[in-house]
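Colleague:
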Amino acid sequence: MSTKRRKKKTAHSQKVLIIDDDPGMLTLLQLGLERDGFIVTTAESGKEGLRRAYDTHPDIILLDVMMPGMDGWQVCQRLRSMCDTPIIMLTAKSEQEDVLKGLSLGADDYLTKPCSFEELKARIRSTMRRAANRDYDRWRAVYDDGTLR
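Per the numbering used here, the very first residue in the sequence shown carries number 3; after that it's consecutive.
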């Protein structure tokens, strides 16, 4: 009988997808996370974020709420229909009702901007550690909403 061992990912092989319409925020987060060894992909819109998520299968997603077109709430719902990848909502929306909405839509954590970069990294590591202990295939076999395939 053979047992499958999961290869533990180090920060050097962990993929982060950041979805945010603010180019400055994307650059800041990307540079900081890459400096810590993460592989970072970025998207400047909800639709682009969904495509990147499906193409790259990230280990964790950082998601802004306030974006034109498809907002972060809609993106979170769509992501949950296609995968169980951990999602941290990273947004300026700080009201309790916003936090509760994000968590009820499937986000694993919710952090308001501005925030400490060290706290963000700690939350990324914590969320990924919990997700690594789950035994499941994060991605559904097929996702097709007529637009994305």
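The beta-carbon is built from N, C-alpha and C at its ideal position, and this holds for glycine as well.
#1: Please state the DSSP three-state secondary structure of Val18.
#2: DSSP three-state label for Thr129, please.
#3: What did DSSP end up calling Thr43 once you bin it into helix, strand or coil?
#4: Going along the chain, which residues of its own chain have a beta-carbon closer than 7 Å to the beta-carbon of Lys9, five neighbours each way excluded?
#5: Determine, using beta carbons only, whether Thr93 and Asp66 come nearer to each other than 9 Å.
#6: Reducing DSSP to helix, strand and coil, say where Thr87 ends up.
#7: Comparing the C-beta of Gly104 with each C-beta of chain D, is any distance below 9 Å?
Modeller: On the basis of the coordinates in this document:
#1: strand
#2: helix
#3: strand
#4: With a pLDDT of only 44 at Lys9, under the threshold of 50, the placement of this residue in the model should not be trusted, and no figure is reported.
#5: yes
#6: coil
#7: Absent from the structure is chain D; it holds one protein chain and no more.
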